[in-house]
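One structure below.
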Amino acid sequence: MIYLDNAATTKPCDEAKAAVMKGLEVFGNPSSLHRAGLDAELLVSDAREIIADALGVTPDEVYFTSGATESNNTAIFGAYKAHGKRKKRVVISSVEHPAVKNPAQELEDMGCEVIRISPDENGEINARDIFAAVNEDTFLVSCMLVNNENGYILPVEKAFSMIKKKYPQVLTHCDCVQGFMKIPVKAKKLNADMISLSGHKIYAPKGIGALYVKKGVHIPPFMLGGGQEKGFRSGTESVPLICGFGAAVKKLAPNVSANFEKAADIQAYLIEKCNENGDVFVNSRKGGSPYVTSIAVNGLKSEVLLHYLEKREIYVSSGSACSKGHQSYVLKAMGLSDDLINSSIRVSFCRSNTKEDVEKLVLEINNAIDNLIKV
Ligand code: PLP
Numbered sequence: 030m031i032y033l034d035n036a037a038t039t040k041p042c043d044e045a046k047a048a049v050m051k052g053l054e055v056f057g058n059p060s061s062l063h064r065a066g067l068d069a070e071l072l073v074s075d076a077r078e079i080i081a082d083a084l085g086v087t088p089d090e091v092y093f094t095s096g097a098t099e100s101n102n103t104a105i106f107g108a109y110k111a112h113g114k115r116k117k118r119v120v121i122s123s124v125e126h127p128a129v130k131n132p133a134q135e136l137e138d139m140g141c142e143v144i145r146i147s148p149d150e151n152g153e154i155n156a157r158d159i160f161a162a163v164n165e166d167t168f169l170v171s172c173m174l175v176n177n178e179n180g181y182i183l184p185v186e187k188a189f190s191m192i193k194k195k196y197p198q199v200l201t202h203c204d205c206v207q208g209f210m211k212i213p214v215k216a217k218k219l220n221a222d223m224i225s226l227s228g229h230k231i232y233a234p235k236g237i238g239a240l241y242v243k244k245g246v247h248i249p250p251f252m253l254g255g256g257q258e259k260g261f262r263s264g265t266e267s268v269p270l271i272c273g274f275g276a277a278v279k280k281l282a283p284n285v286s287a288n289f290e291k292a293a294d295i296q297a298y299l300i301e302k303c304n305e306n307g308d309v310f311v312n313s314r315k316g317g318s319p320y321v322t323s324i325a326v327n328g329l330k331s332e333v334l335l336h337y338l339e340k341r342e343i344y345v346s347s348g349s350a351c352s353k354g355h356q357s358y359v360l361k362a363m364g365l366s367d368d369l370i371n372s373s374i375r376v377s378f379c380r381s382n383t384k385e386d387v388e389k390l391v392l393e394i395n396n397a398i399d400n401l402i403k404v
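Position one of the sequence shown corresponds to residue 30 (our numbering), numbered consecutively onward.
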């Protein structure tokens, strides 16, 4: 099998699997006051330290959640609960993942004014446009770092730094799911008050994520209950999944640049090969994440190509896994024609993909063009 759908999810690494097993064996409740509880709590705090270190923050600024969807909801509704009575404006990009787009829509339905920043005529989202949308009535700006459908890198650092200079009280949130452990992500450099992370995109299990909340930023909890995670996120911590998340980050952290170079190398090869065939278009822009590439095959619907490849044991995605059956609003916002959007597939790499994988993919795409179009 050639798995090229790593933006949807990744295969857990051996270190994460072993850590999950350890977390299952150390079965105490981290909140219990006895030894079994303390042992579990120690595993949780080890993982928290690893993740905090990778983000360049302190462990008490990291809260475990069930994944980035929960982290995004916590950040957005938390910002609203903290400031939404006095201020009304929220600024997001028009290419956010549904886990930001839909909470923002809910805020709009509740009476907030949501400004969505779209790419300009060159397909670029400008930091200046994000900044210009912020005013005294704004309480939150949420902007993703790397787009999950085409790898586009948004100018978060620049936008947030401009915003913080003029409006220090505005909360800045960044969905870093497709960037963390793939490109350098440091909370301070990003000027982000809150950052959402997900485990399963970086070789940890599904169902675990984190939200970084900068010290001094006060937003109310999203989940109420037993007061775990210092009262910020109630619910017994999933010790095994937290251990898996920590182990995956520990394994990846020293290799972010080396893995990036490798991904850049195979992405360049993929683009070169695609450009050799006049029927294949590369939708992704230059300078994006090397891990995610959107391509379109003239005259072949995404699903048809996806299943053709699947029969040959090559797994890609049509658009993003979260937008099954719907035309991609991200590719639309990026200015692609309906024909290109309907023919787009997403190829997303992990650290172990190779040029041979790309060669086989391109060979089968070319075969699909010959067998399904040119018959
Ligand atoms: N944000 C982005 C950019 C994503 O790609 C995803 C997953 O596809 C999510 C959020 C949701 O993450 P999770 O599956 O951990 O809820």
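Cβ atoms here follow ideal geometry from the backbone N, Cα and C, with glycine treated the same way.
Within 10 angstroms of the Cβ of residue i, are there 16 or more other Cβ atoms? Answer buried if so, exposed if not.
i, result
"threonine 265", "exposed"
"glycine 254", "exposed"
"leucine 392", "exposed"
"glycine 180", "buried"
"isoleucine 402", "exposed"
"lysine 110", "exposed"
"lysine 244", "exposed"
"lysine 279", "buried"
"histidine 126", "buried"
"glutamate 70", "buried"
"aspartate 399", "exposed"
"alanine 297", "exposed"
"glutamate 258", "buried"
"alanine 81", "buried"
"asparagine 304", "exposed"
"lysine 315", "exposed"
"glycine 256", "exposed"
"arginine 77", "buried"
"leucine 72", "buried"
"methionine 139", "exposed"
Starting from the Cα of residue i, find the closest Cα among the options and give me that residue.
i, options, result
"threonine 103", "Arg115, Glu186, Val129, Asp149", "Val129"
"proline 234", "Asn35, Cys42, His126, Ala325", "Cys42"
"alanine 133", "Tyr232, His202, Phe160, Ile343", "His202"
"alanine 216", "His229, Leu174, Asp75", "Leu174"
"valine 242", "Arg64, Leu33, Val86", "Val86"
"arginine 115", "Lys384, Gln198, Met210", "Gln198"
"serine 147", "Asn400, Ile374, Tyr358, Tyr298", "Tyr358"
"glycine 236", "Gly364, Val321, Thr94", "Thr94"
"glutamine 356", "Gly107, Cys272, Ser373, Phe160", "Ser373"
"valine 321", "Ile300, Gly275, Leu334, Ser225", "Ile300"
"alanine 162", "Arg145, Leu226, Asn176", "Arg145"
"leucine 200", "Ala239, Ala362, Val246, Asn176", "Val246"
"serine 225", "Gly328, Gly316, Val206", "Val206"
"alanine 47", "Ala277, Arg380, Val333", "Ala277"
"tyrosine 196", "Leu335, Lys361, Ser171, Asp166", "Asp166"
"glycine 96", "Leu270, Ile154, Asn306", "Leu270"
"lysine 302", "Glu388, Asn327, Ser100", "Glu388"
"glutamate 150", "Ser381, Val185, Pro319, Lys361", "Lys361"
"isoleucine 192", "Val124, Leu169, Asn371", "Leu169"
"leucine 334", "Phe274, Gly364, Asn396", "Asn396"
Spell out the partners DSSP gives residue i in its beta bridges.
i, result
"arginine 118", "Glu142, Thr167"
"histidine 4", "Nothing can be reported for residue 4: it is not among the residues displayed for the chain, which extend from 30 to 404."
"methionine 252", "Arg262"
"glycine 238", "Thr94, Ser227"
"valine 376", "Thr322"
"aspartate 34", "Ser377"
"isoleucine 182", "Val175"
"serine 346", "Arg375"
For residue i, report the span of its beta strand (DSSP E) as first-last.
i, result
"alanine 325", "321-326"
"valine 309", "309-311"
Can you find a heavy atom of the ligand ZN that lies under 7 Å from the Cβ of residue i?
i, result
"alanine 216", "Of the ligands one can find in the structure shown, namely the ligand PLP, none is the ligand ZN."
The alpha helix (DSSP H) that contains residue i, what's its start and end?
i, result
"phenylalanine 289", "285-304"
"alanine 65", "64-84"
"arginine 337", "Note that residue 337 corresponds to tyrosine in the displayed sequence, not to arginine. Unbroken alpha helix (DSSP H) run through tyrosine 337: 331-340."
"proline 269", "268-281"
"aspartate 43", "43-54"
"valine 391", "384-397"
"phenylalanine 160", "156-162"
"tyrosine 196", "Taken as a continuous stretch (DSSP letters only), tyrosine 196 belongs to no alpha helix (DSSP H), as it is neither H nor E."
"tyrosine 232", "Taken as a continuous stretch (DSSP letters only), tyrosine 232 belongs to no alpha helix (DSSP H), as it is neither H nor E."
"lysine 361", "358-362"
Taking Cβ positions, are residue i and residue j nearer each other than 8 Å?
i, j, result
"asparagine 35", "serine 377", "yes"
"proline 249", "arginine 262", "no"
"alanine 282", "alanine 83", "yes"
"alanine 117", "glutamate 135", "With the sequence shown as reference, residue 117 is identified as lysine, and alanine is not the correct amino acid for it. Contact: no."
"valine 55", "valine 268", "yes"
"phenylalanine 310", "alanine 325", "yes"
"isoleucine 105", "glutamate 342", "no"
"leucine 183", "isoleucine 212", "no"
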